[in-house]
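Enquirer: Residue numbers (the numbering used here): 1 to 352.
Note that CB positions come from ideal geometry on N, CA and C, so glycine has one too.
What you are looking at is a predicted structure, and each value in this text was computed from that prediction instead of being measured.
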Amino acid sequence: MMPKLLISNKIAHHRLALGSMAILLLTLGLLSLTLGAFPIPFSKLVQVFFGDWMVEDQLNVQERSVLFQIRLPRLLLAMLVGGVLGIAGAALQGLFRNPLVEPGLIGVSSGSALFAVIYIVFGSYWPVLAMLGKIGLAFFAFMGGLANTYLVYRLSSKAGKTDISLLILAGVALNALAGALIGLSLFYADDAALRNFTFWSLGDVGGANWEKVMLLLGFSFLPLGLIIGQVRALNALAIGESEAFHMGVDVQRTKLIVLIGSALIVGTAVAFTGTIGFVGLVVPHLLRILFGADHRLVIPGSFLAGAILLTLADLLARTIVAPAEMPIGIITAILGAPFFIWLLINVKDLRT
Numbered sequence: 001m002m003p004k005l006l007i008s009n010k011i012a013h014h015r016l017a018l019g020s021m022a023i024l025l026l027t028l029g030l031l032s033l034t035l036g037a038f039p040i041p042f043s044k045l046v047q048v049f050f051g052d053w054m055v056e057d058q059l060n061v062q063e064r065s066v067l068f069q070i071r072l073p074r075l076l077l078a079m080l081v082g083g084v085l086g087i088a089g090a091a092l093q094g095l096f097r098n099p100l101v102e103p104g105l106i107g108v109s110s111g112s113a114l115f116a117v118i119y120i121v122f123g124s125y126w127p128v129l130a131m132l133g134k135i136g137l138a139f140f141a142f143m144g145g146l147a148n149t150y151l152v153y154r155l156s157s158k159a160g161k162t163d164i165s166l167l168i169l170a171g172v173a174l175n176a177l178a179g180a181l182i183g184l185s186l187f188y189a190d191d192a193a194l195r196n197f198t199f200w201s202l203g204d205v206g207g208a209n210w211e212k213v214m215l216l217l218g219f220s221f222l223p224l225g226l227i228i229g230q231v232r233a234l235n236a237l238a239i240g241e242s243e244a245f246h247m248g249v250d251v252q253r254t255k256l257i258v259l260i261g262s263a264l265i266v267g268t269a270v271a272f273t274g275t276i277g278f279v280g281l282v283v284p285h286l287l288r289i290l291f292g293a294d295h296r297l298v299i300p301g302s303f304l305a306g307a308i309l310l311t312l313a314d315l316l317a318r319t320i321v322a323p324a325e326m327p328i329g330i331i332t333a334i335l336g337a338p339f340f341i342w343l344l345i346n347v348k349d350l351r352t
């Protein structure tokens, strides 16, 4: 009787934690819509979303334009990017059985950055790239992330099986190579290209619009579904690959789905917002402390926590130096690095 009661209490606590995170995300979202260089009264916002939104005179023309054309798509993009980075980090940490793994390890971020700097520095020399228009940079960054991830996967595969240790080594090697090629490309960059890449590499959701939100949703829907479908397999992998195999898990298939799914969603996120660090590392780590190793809770929790972190970071980026904006990657590093150092200190204390 007692074990059942303890399990029931644990489930109730976990549901309460997820519900509290959802409420916190909603609260931060409403604050993000009201605060900024052009404030919108909170009372009007409540009337628009929770009252009679058809009434035209609740917002004037300028307030309506700021809310629906700038802040709302920016908020949704920040939530989605933070959420998918959190899920990708949680899935990869479960796959590698290592809480220090983050999406950049499989080469997505470095590959995206390499192709982005190539487009920024040398794009003007290729007239055919003008056909891509506004999506040129995002398209190049997305393809670079996928290409680098594919190379990492091929270098770590043998006889149809993926060796996790080789995958980590391949990721480190190709990340180093990409960093060297980025440096070489920047050597030939002019001041404008150098500024553009520097700002892109620090991460930014300031260019958000409804088109980017819809594209991110479209590209992320299937990979997210595939990753979520692997939660039981990831739970089984927590006790080892051979044990998971004997429990009926297709280990190689799980590795492939998690790697491809993570590469797709992270590549899309990086393409639209630039490289944003620490979300995929710190968020899943925090959720494992809260929920343990159960991916049925860690995966949705990582989405909510990642969305909360990036929404908060974007709110700070827009307000602390208003009317200017600070790159969001700086905020996530300032928030994430001290927390990660705290984790390292606590782990060291536990081992002594």
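1. From the DSSP output, which residues share a beta bridge with residue 162?
2. Please determine, among 89, 111, 297, 208, the residue with the shortest C-alpha to C-alpha distance to residue 68.
3. Which two residues bound the contiguous alpha helix (DSSP H) that contains residue 119?
4. Taking all protein chains shown into account, decide if residue 87 is buried (16 or more other Cβ within 10 angstroms of its Cβ) or exposed.
5. Exposed or buried, what is residue 265 when buried is set at 16 or more other beta-carbons lying within 10 Å of its beta-carbon?
6. For residue 249, which three-state DSSP category applies?
7. Curious, which full-length beta strand (DSSP E) runs of at least 3 residues does the segment 57-101 contain?
8. Which residue comes first and which comes last in the alpha helix (DSSP H) that contains residue 211?
9. Which residue's Cα is closest to the Cα of residue 230: 199, 252, 148?
10. Find out if the Cβ-Cβ distance for the pair residue 315, residue 25 is shorter than 8 Å.
11. Starting from residue 314, trace the alpha helix (DSSP H) in both directions and tell me its first and last residue.
12. Leaving aside the five residues before and after residue 245 along the sequence, list all residues of the same chain whose C-beta is less than 8 Å from its C-beta, in chain order.
13. Helix or strand or just coil, what does DSSP make of residue 190?
14. Using a Cβ-Cβ cut-off of 7 Å (strictly less than) and excluding sequence neighbours within five positions of residue 333, which residues of its own chain qualify?
15. Keeping to the same chain, check which residues put their C-beta closer than 6 Å to that of residue 108; ignore five residues upstream and five downstream.
16. Which residues in the same chain as residue 313 place their Cβ atom closer than 7 Å to its Cβ, once the five residues preceding and following it in sequence are excluded?
17. Can you tell me whether residue 323 is helix, strand or coil according to DSSP?
Expert: Judging by the given coordinates:
1. 157
2. 208
3. Under the DSSP assignment, residue 119 falls in the alpha helix (DSSP H) whose first and last residues are 108-122.
4. Counting Cβ neighbours within 10 Å, residue 87 comes out buried, since at least 16 surround it.
5. buried
6. coil
7. Listed in chain order, there is nothing to give.
8. 210-228
9. 252
10. By the CB criterion at 8 Å, residue 315 and residue 25 fall outside the cutoff.
11. 295-319
12. 251
13. coil
14. 277, 278
15. Non-local C-beta neighbours of residue 108 in its own chain, meaning closer than 6 Å and more than five positions away in sequence, comprise 145, 149, 263, 266, 267, ordered along the chain.
16. 328, 331, 332, 335
17. Residue 323 falls in the coil class under three-state DSSP.
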